[in-house]
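Report on one structure; see the data block that follows.
Protein chains: 2
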Amino acid sequence: MLNADETEAAGDSLGGSGLAARLYDDLTRAILAGTLAPGEKLSEPAIARSFGASRAPVREAIRRLQERGLVTYAVNQGARVAQPSAAEFLALLDVREAMEGMAARLAATHMEASEVATLEALVAGHRGEIERNPLGAYLQDDPETDFHRRIARGSGNPILADLLCEQFYPRLRLCRRLHRTVQGRGREAWREHLRITEAIGQHDGELAEILMRRHIRAARAALQTALAAP
Amino acid sequence: MLNADETEAAGDSLGGSGLAARLYDDLTRAILAGTLAPGEKLSEPAIARSFGASRAPVREAIRRLQERGLVTYAVNQGARVAQPSAAEFLALLDVREAMEGMAARLAATHMEASEVATLEALVAGHRGEIERNPLGAYLQDDPETDFHRRIARGSGNPILADLLCEQFYPRLRLCRRLHRTVQGRGREAWREHLRITEAIGQHDGELAEILMRRHIRAARAALQTALAAP
DNA sequence: CTTGCTTATGGTGTCGACAATTTTAGCCGA
DNA sequence: TCGGCTAAAATTGTCGACACCATAAGCAAG
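Taken in order, these protein sequences are the chains called A and B.
The opening residue of the first sequence carries number 1 in UniProt numbering; numbering runs sequentially from there.
The opening residue of the second sequence carries number 1 in UniProt numbering; numbering runs sequentially from there.
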């Protein structure tokens, strides 16, 4: 049912030393990997047994997942893996537009030259992946998110960075799993990334914000049209 | 699907029927009222005794408070009431600028005429309070927040509304308690509210966003100068 | 064969208890 | 008198247990 890999390679682990923290990480990974399908019930005793733990830390991990929007909770009915609707997906992208726009603006005036360099390297590296797979989503799993995560952290605003990295990106991945995101925007998205990086490198916060907001709004529009005509 | 109907009158209570939910509400109120001072330790056994409950629901409530930023947590050391630094206050306002700007934009195209009317009535009602106390903070406790809360809900975006109402506004109140916010901006703030309301009434989302962002940036700047020269 | 009630099963919400760790109190020595 | 070491007390993290609720199975009546 649940395979517990300790690697933490994927990215967003907060891994405190406690048992509840490890459970939280493992459950997060299981949800994002699809091992726990959307809508599936999360039985506290079952999870506890499968991890050889008690219900207390399992409960704690699940409540945190609820707070992060990855599971839904009904009183006396327990938790289920969230099944974000298309409307929720779109709503999430609206908030994301606002927050990442601000992140880009702040990153433009806050990122060190070395951070900008790694960002540029990241985008340059993505180019090869695009060439190999021009129709690919580009935002399928992580290369896209890495770019955005880097900017979020580069904003120098810990509240903003945590909100984006710990709350929004996992939730978005769950949404993408459910609503097949539009394919084929890869090349354009990459160009937009390039321009955003340039604006940040020139410390032009205003432009970086505008470009980032456009970037996300374009993705949102593509999703909306994809949803309208299946 | 996210339902946002709350029977609670006062404001930010999520009051589920459970005991943990009531504890969460009471602790939130105690923190925001100052009954529990910033930095004070939150002893699980003590709180449990004082409420005649067990530690389990208390723990759950405290973990939720941590998730909302009202409490800091250290492993094996328990929880303390958060003591947001001035930097955190400013960071919070940056994120708020982005999110409330988006909220105003969405509210302009989403609010019903009746909702706009109640918003206008709210602002009109505030005028009297300003006249009675022109130097007053205007954002001291709730009249200010009510206005913003109404717009957040009026955005029609449940994710945005919940983030603002349940996470940001309580946290901001805690920040204001710690760092004496600037006094005397009441009249200008009120005028800004008026103009924002007008823009929303005319369904001018773009303008509403600009005005809202200016409004919050002005408050942030006032705070910054107040912090610089005591 | 279907419909409604009754019962059984499983799960959640809460409780008290225990080991491990942290904090406090007390003591000794300088 | 003060600083550091030791022991005691309190607190946290986790566990197993029990009542209440919800859903699923079984049964009776039509």
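Heads up, the beta-carbon is just placed ideally off N, CA and C, and yes, glycines get one too.
Keep in mind it's a predicted model, so treat the numbers as computed, not measured.
Can you look up residue i in the DSSP assignment and give me helix, strand or coil?
i, result
"A/Arg80", "strand"
"B/Leu42", "strand"
"A/Thr72", "strand"
"A/Arg217", "helix"
"A/Ala103", "helix"
"A/Asp25", "helix"
"B/Ala53", "coil"
"A/Ala37", "coil"
"A/Ser17", "coil"
"B/Met111", "coil"
"B/Gln202", "coil"
"B/Ala98", "helix"
"A/Ala86", "helix"
"A/Ala229", "coil"
"B/Leu65", "helix"
"A/Met1", "In this prediction, A/Met1 scores a pLDDT of 35, lower than 50, which makes its location untrustworthy; the coordinate-derived value is nonetheless stated afterwards. Looking at A/Met1 - three-state DSSP - the assignment turns out to be coil, as it is neither helix nor strand."
"A/Ile31", "helix"
"B/Glu6", "In this predicted model, B/Glu6 has a pLDDT of only 31, less than 50, meaning its place in the structure is not dependable; the value taken from the coordinates is given anyway. Reduced to three states, the DSSP call for B/Glu6 is coil."
Taking the Cβ atom as the reference point for each residue, do residue i and residue j lie within a distance shorter than 8 Å?
i, j, result
"A/Arg149", "A/Cys165", "yes"
"A/Ala104", "A/Glu209", "yes"
"residue 275 of chain B", "B/Ala107", "This structure cannot speak to residue 275 of chain B, because chain B is shown only from 1 to 230."
"B/Met212", "B/Gly101", "yes"
"A/Ser54", "A/Ala46", "no"
"A/Ile31", "A/Val75", "no"
"B/Gly39", "B/Gln83", "yes"
"B/Leu119", "B/Thr181", "no"
"residue 231 of chain A", "A/Leu36", "Residue 231 of chain A falls outside the range modelled here, since chain A spans only 1 to 230, and no answer is possible."
"B/Gly154", "B/His110", "yes"
"B/Val116", "B/Ile196", "no"
"A/Gly219", "A/Leu93", "With the sequence shown as reference, residue 219 of chain A is identified as Ala, and Gly is not the correct amino acid for it. Cβ distance < 8 Å, so A/Ala219 and A/Leu93 count as in contact."
"A/Glu44", "B/Arg64", "no"
"B/Glu131", "B/Arg217", "no"
"B/Pro170", "B/Thr72", "no"
Mind checking if residue i is an interface residue toward chain B, Cβ cutoff 8 Å exclusive?
i, result
"A/Leu32", "no"
"A/Ser17", "yes"
"A/Leu139", "In this predicted model, A/Leu139 has a pLDDT of only 47, less than 50, meaning its place in the structure is not dependable; the value taken from the coordinates is given anyway. Taking Cβ atoms only, chain B never reaches closer than 8 Å to A/Leu139, which makes this a no."
"A/Met212", "no"
"A/Leu223", "no"
"A/Val58", "no"
"A/Pro158", "yes"
"A/Ala219", "no"
"A/Leu227", "no"
"A/Asp26", "no"
"A/Leu163", "yes"
"A/Glu166", "no"
"A/Glu67", "yes"
"A/Leu174", "no"
"A/Gly101", "yes"
"A/Leu178", "no"
"A/Leu36", "no"
"A/Leu106", "yes"
Would you please verify whether the beta carbon of residue i is less than 8 Å from any beta carbon of chain A?
i, result
"B/Ser13", "Annotation note: pLDDT 45 at B/Ser13 (below 50); position unreliable, coordinate value reported separately. Chain A, which has no Cβ nearer than 8 Å to the Cβ of B/Ser13, makes this no."
"B/Met111", "no"
"B/Arg64", "yes"
"B/Val123", "no"
"B/Glu97", "yes"
"B/Gly205", "no"
"B/Val75", "yes"
"B/Glu144", "no"
"B/Phe89", "no"
"B/Gly154", "no"
"B/Glu188", "no"
"B/Phe198", "Sequence inspection shows Glu at residue 198 of chain B; the Phe mentioned does not correspond to that position. No, because no Cβ of chain A sits closer than 8 Å to the Cβ of B/Glu198."
"B/Leu23", "no"
"B/Leu70", "no"
"B/Leu92", "yes"
"B/Leu42", "no"
Exercise for review: Tell me the start and end of each unbroken alpha helix (DSSP H) in the segment 113-191 of chain B that is at least 4 residues and wholly inside, in chain order.
Suggested key: 113-132, 143-154, 158-162 and 169-178
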